[in-house]
Structure formats: structure tokens, C-alpha cells
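In what follows, a single structure is set out as C-alpha cells and then discussed.
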Amino acid sequence: MKAEPNSLKEGSAGVVIDLLRGGLALMVLAAHALESALRVAEQAALPEWLTVTLGHGGFWVNGFFVLSGFCIHRSVLAQRRRGVPLMPAYAEARLTRLYPVYLVALVWVLLFSGWPGGGRMTSHLLMTQGVTGVMPSLKPAWSLTYEAAYYALWPLVLVLCGWRTRRAVLLALVGSVICAAVLMGVWKRWMAGAEGTWVLPMALVAAQFPLWLGGAWLAGEWERLGPAVRRWMMPAGLLWIIVGYAANAWALKLGASATVMTALGWLVTPGWLLTVLGGAAWDEWRKLAAVARWCGLLSYPLYILHQVLLDMGVAWLHAWKVSMSPGPACVLLFLLVMLNMLLWGVRLEAACLGWRARFLARRRTRELETVPA
Numbered sequence: 116m117k118a119e120p121n122s123l124k125e126g127s128a129g130v131v132i133d134l135l136r137g138g139l140a141l142m143v144l145a146a147h148a149l150e151s152a153l154r155v156a157e158q159a160a161l162p163e164w165l166t167v168t169l170g171h172g173g174f175w176v177n178g179f180f181v182l183s184g185f186c187i188h189r190s191v192l193a194q195r196r197r198g199v200p201l202m203p204a205y206a207e208a209r210l211t212r213l214y215p216v217y218l219v220a221l222v223w224v225l226l227f228s229g230w231p232g233g234g235r236m237t238s239h240l241l242m243t244q245g246v247t248g249v250m251p252s253l254k255p256a257w258s259l260t261y262e263a264a265y266y267a268l269w270p271l272v273l274v275l276c277g278w279r280t281r282r283a284v285l286l287a288l289v290g291s292v293i294c295a296a297v298l299m300g301v302w303k304r305w306m307a308g309a310e311g312t313w314v315l316p317m318a319l320v321a322a323q324f325p326l327w328l329g330g331a332w333l334a335g336e337w338e339r340l341g342p343a344v345r346r347w348m349m350p351a352g353l354l355w356i357i358v359g360y361a362a363n364a365w366a367l368k369l370g371a372s373a374t375v376m377t378a379l380g381w382l383v384t385p386g387w388l389l390t391v392l393g394g395a396a397w398d399e400w401r402k403l404a405a406v407a408r409w410c411g412l413l414s415y416p417l418y419i420l421h422q423v424l425l426d427m428g429v430a431w432l433h434a435w436k437v438s439m440s441p442g443p444a445c446v447l448l449f450l451l452v453m454l455n456m457l458l459w460g461v462r463l464e465a466a467c468l469g470w471r472a473r474f475l476a477r478r479r480t481r482e483l484e485t486v487p488a
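Each residue of the sequence shown is one higher than the last, beginning at 116 in our numbering.
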């Protein structure tokens with residue numbers, strides 16, 4: 116492997132990860148811009164092929180989960196190598212990464228949509244909105260509930276398994292599949308598939324955990340897999356993702372169940388892993404390091420803020436009585452969001468990460484002061 120274990124971001128794989136993160140966020144934006152464009156051209160309808168391809172962003176969120184599992188477990192391993200206790204440093208690192216930009220998005224949504232009620236506001240502050248119901252202008256935040264759950268569960272499983280990554284992945288994988296199956300059975304049999312219950316979202320949280328675990332497994336095997344890395348792995352992984360995307364679109368066209376769609380997400384996981392692993396063999400990606408850094412900064416603010424910006428754009432077009440067909444409306448809304456990202460979204464993320472780096476640096480200084488010489 117070209118990159119050292121503690122300097123992954125300097126290597127080709129780190130560049131690939133940041134490029135993927137930016138690309139995934141752009142694909143989610145494209146899906147929701149298309150969806151929002153139909154609210155501008157209310158009498159229009161999209162061709163079915165377009166609806167099942169660009170009109171669904173969930174496929175790309177699966178990629179985020181895989182990358183998250185990889186990056187978080189790398190972070191855990193790095194902390195273990197420093198020889199300091201996992202807690203509370205792990206919790207501080209995760210909270211300071213998840214909340215700052217999210218809180219900005221939450222305030223933005225409140226200013227646009229108004230007060231949602233104490234209960235809903237509390238659920239969003241506690242990151243349970245993916246189970247209790249997310250505010251429409253913050254709907255991408257459903258996935259943050261999943262992330263928060265995985266952040267909390269993973270170190271517990273690691274401790275239970277004596278910090279053996281393979282054993283932890285296997286235990287969590289079996290446990291999550293069983294949990295998802297049981298909850299799905301309860302939802303279908305005893306709740307008759309009723310909407311608005313907490314059981315189905317909890318089943319989906321468990322069902323998506325294998326994606327995250329795939330990334331964590333790769334992080335744990337990173338050094339051992341180094342000698343086996345070949346350049347063909349990255350294009351093979353990308354092809355795997357493309358084929359999986361086509362299968363996902365076909366399943367949507369056929370009206371496949373949530374169980375089938377989840378299983379398809381699992382089957383695409385090797386494609387994400389091969390893309391990251393194979394990326395380490397392509398030194399050429401380092402030439403795009405500056406672009407990759409920008410994509411990495413773009414990813415989170417674009418993902419969490421784009422829906423409220425789209426909703427604002429739709430509201431403005433309605434207020435100005437602008438009549439547009441779906442195509443131009445989609446492009447206009449897409450560009451509106453990207454303009455905001457260029458003007459302040461990326462800068463917001465950079466400022467938050469700068470504050471986080473200083474905060475965690477002070478934390479590490481305190482750790483070193485408490486470690487016996």
C-alpha cells in the first residue's frame with residue numbers, strides 16, 4: 116500500500132475517498148433537484164426511466180455508509196495506536212464532526228419552515244429523526260440517525276470482541292441481519308405494514324449496518340491487503356457499482372420491496388470496497404489532490420443543506436410565478452444550490468473543521484499530559 120497507515124489522506128486512496136464523497140453528494144443533489152423541479156412544473160411528469168435512475172438518491176447514500184465505516188474504523192485504530200483510552204476522545208471526535216454543520220442546517224430550516232414543535236425539535240437534536248420522522252426541508256438528515264447509531268454501536272462491539280476487527284465485523288453483521296429480520300417480521304405480521312411506526316425505521320437502521328461494516332472490515336484489513344492491491348481493482352469496482360446501479364433502477368421500476376432494495380445495496384458493497392482499495396494503486400490520482408480536498412469539503416454541507424436550499428428556490432419561483440418545464444427547473448435549482456456552496460457552504464465546512472482540529476489538538480495535548488512517561 117502506498118500510503119502509511121497513519122497518513123492515508125496523503126495517499127491515492129485518500130484522494131479517491133474525497134472524490135467519491137463529493138461525487139456522491141452531487142448525485143444526491145441531482146436526485147432531489149429533479150424531484151423539486153416537479154413542484155415547479157406541477158402538471159408535468161417525468162419519463163419512468165428518469166424517475167428510477169436520477170430520481171432516487173438512496174443508492175448513493177449507501178456509498179456514504181461504506182466510506183464512513185472505513186474512515187471511522189481507521190480513526191479508531193489510530194487512536195488505539197496512540198495508547199490512550201477510547202472514551203471520551205472518540206465521542207468528542209464524532210460529535211464535533213457530526214453536529215456543527217448540522218446545527219447550521221437545523222437553524223436554516225427553522226428560519227425557513229418555522230418551529231416544528233418541541234418533540235420534533237428534540238428528536239432532531241438527539242439525532243433520532245431517522246426513526247421519529249424528519250422535517251421535510253432537512254430530509255437528508257435521516258441518514259445521520261443511522262450514522263449516529265453505528266458510531267455508538269461499533270466501539271461497544273469492538274470492546275466485546277477484544278478489539279479483533281474480523282470478529283467484531285462478523286458479530287455485528289450476524290446481529291444486525293437477525294435484528295433487521297425480526298423487526299421486519301414484527302412490522303409485517305403484527306403491525307400489518309402500517310406507516311408511521313418506529314419499527315420499520317429501526318429495521319432499516321439495522322439492515323444498513325452491513326454496508327458500514329464492510330467499510331470497517333476494509334479498514335481493519337488495510338495493511339494486510341496491501342501486497343495484493345492491483346490497478347485493475349478500481350475500474351472493476353466502478354463497473355460493479357454501475358451494474359449495481361442499473362439493477363437498482365430496474366428493481367425500482369418493478370416496484371421491488373424494501374427487503375429487495377436493501378439486499379441489492381449489500382451486493383454493491385464489494386464495488387465500493389474495490390474502488391477504494393484499488394485507488395491506492397493509482398498514483399495518478401494524487402495530481403487531483405487539490406480537487407479532492409475541495410470535494411471533501413463540499414460533501415457534508417452539500418448533503419445536509421441542499422434540501423432546504425432547493426425548497427427555498429421552489430418557494431421563490433412560486434412567489435415570482437415563474438413557469439418552467441422540469442428540465443430547466445432542475446438545472447436552475449441545481450445551480451442555485453451549487454452557487455450557495457461556492458459562496459459559503461465549503462467555507463462553512465472548512466471553518467468547522469478548523470475549529471474541530473484545534474479542539475481535538477487540545478484534547479490530545481491533555482491526553483499526553485496524563486499518559487505516564
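Glycine residues also receive a C-beta, built at the ideal position from the N, C-alpha and C atoms.
Note that this is a predicted model, so its numbers are computed, not measured.
For S440, report the span of its alpha helix (DSSP H) as first-last.
S440 -> no alpha helix (DSSP H), and no H or E assigned at all.
Taking the C-alpha atoms as reference points, what is the distance between A361 and R477?
A direct Cα-to-Cα measurement between A361 and R477 gives close to 47 Å.
According to DSSP, is A159 helix, strand or coil?
It is coil, neither helix nor strand.
By Cβ distance below 6 Å, which residues in the same chain neighbour R471 in space, the five residues on each side in sequence not counted?
Sequence-distant partners of R471 (beyond 5 residues in either direction) whose C-beta falls short of 6 Å from its own C-beta, in its chain, are T211.
May I have the straight-line CA-CA distance separating S151 from V219, to the nearest angstrom?
Straight-line Cα distance between these residues: approximately 22 Å.
Please report the distance separating the alpha-carbon of L392 from that of L450.
One C-alpha to the other measures close to 33 Å.
Sequence-distant residues of the same chain with beta carbon closer than 6 Å to L389, five excluded per side
Here the set comprises M348, A351 and G352.
Three-state secondary structure (DSSP) of R195
Collapsing the DSSP output to three states places R195 in a helix.
Between the region 436 to 456 and the region 269 to 281, can you find at least three pairs of beta-carbon atoms closer than 8 Å?
Judged by Cβ distances under 8 Å, the region 269 to 281 makes no contact with the region 436 to 456, as fewer than three pairs qualify.
Distance, F185 Cα to Y265 Cα:
Rounded to the nearest angstrom, the two C-alpha atoms are 12 Å apart.
Quick one: residues in its chain with C-beta nearer than 8 Å to the C-beta of V375, no 5 flanking neighbours on either side, listed in chain order?
Taken in chain order, the residues that qualify are A366.
Does the separation of the CB atoms of A395 and A156 fall below 7 Å?
Not in contact: A395 and A156 (Cβ atoms no closer than 7 Å).
Using the beta-carbon count (16 or more within 10 Å), is R274 buried or exposed?
In the sequence under discussion, the amino acid at residue 274 is Val, which differs from the Arg named in the question. It is exposed - the Cβ of V274 has fewer than 16 other Cβ atoms within 10 Å.
Express the C-alpha separation of L144 and G341 in angstroms, rounding to a whole number.
Those two C-alpha atoms are separated by around 34 Å.
Three-way DSSP call (helix, strand, coil) for L468 in this model
Helix at L468.
Closest by C-alpha distance to T384, when choosing among W355, Q422 and A405:
Residue W355 is the option with its Cα nearest to T384.
Look at the alpha carbon of V314 and the alpha carbon of I293, and state the distance between them as a whole number of angstroms.
Straight-line Cα distance between these residues: approximately 14 Å.
Coarse secondary structure for T211, derived from DSSP in three states:
Helix.
Looking at C-alpha atoms only, which residue of K303, R304, A296 and W337 is the closest neighbour of V320?
Of the listed residues, the one whose Cα sits closest to V320 is A296.
Quick check: what's the CA-CA separation for E262 versus A287?
Roughly 15 Å separates the two Cα atoms.
Measuring straight from C-alpha to C-alpha, what distance separates E399 and L417?
The alpha-carbon atoms of E399 and L417 are separated by roughly 27 Å.
Could you pull the start and end residues of the alpha helix (DSSP H) that P304 belongs to?
The identity of residue 304 in the sequence shown is Arg, whereas the question assumes Pro. Segment T280 to R304, the alpha helix (DSSP H) holding R304.
Going by the CB atoms, is the gap between L141 and A407 shorter than 7 Å?
Taking C-beta atoms as the reference points, A407 and L141 fail to come closer than 7 Å.
Starting from the C-beta of V486, find all residues in its chain whose C-beta is less than 7 Å away, skip the five residues before and the five after it, and write them out in chain order.
Since pLDDT at V486 reaches only 49, below the 50 mark, its modelled position is unreliable, and no value is offered.
Hey, would you say V131 sits closer than 7 Å to R401, going by beta carbons?
Contact flag unset, no.
M250: buried (16+ other C-beta within 10 angstroms of its C-beta) or exposed?
Of the other Cβ atoms in all chains shown, 16 or more fall within 10 Å of the Cβ of M250; this residue is therefore buried.
Helix, strand or coil at A396 according to DSSP, with G and I counted as helix:
The answer is coil: DSSP assigns A396 none of H, G, I, E or B.
Return the residue from the list T377, C410, G308 and S258 that minimises the CA-CA distance to L213.
Minimum Cα-Cα distance from L213 among the listed residues T377, C410, G308 and S258 corresponds to S258.
Using the three-state DSSP reduction, which class does S372 fall into: helix, strand or coil?
Of the three classes helix, strand and coil, the one that applies to S372 here is coil, per DSSP.
When you compare the CB positions of M465 and L412, do they come within less than 7 Å of one another, or not?
The sequence given here places Ala at residue 465; Met does not occur at that position. Their beta carbons are under 7 Å apart, which means A465 touches L412 by this criterion.
Taking 6 Å as the limit between beta carbons, can you name the residues of its chain near L468, skipping five residues before and five after?
Excluding residues within five positions, none has a Cβ falling inside 6 Å.
Could you tell me how far apart the beta carbons of L153 and L169 are, in whole angstroms, since I believe they sit closer than 8 Å?
Between L169 and L153 the Cβ distance is about 12 Å, and since that is not below 8 Å, they are no contact.
Hey, out of W387, V216 and R479, whose CA is closest to Y415's CA?
Here the closest residue by C-alpha is V216.
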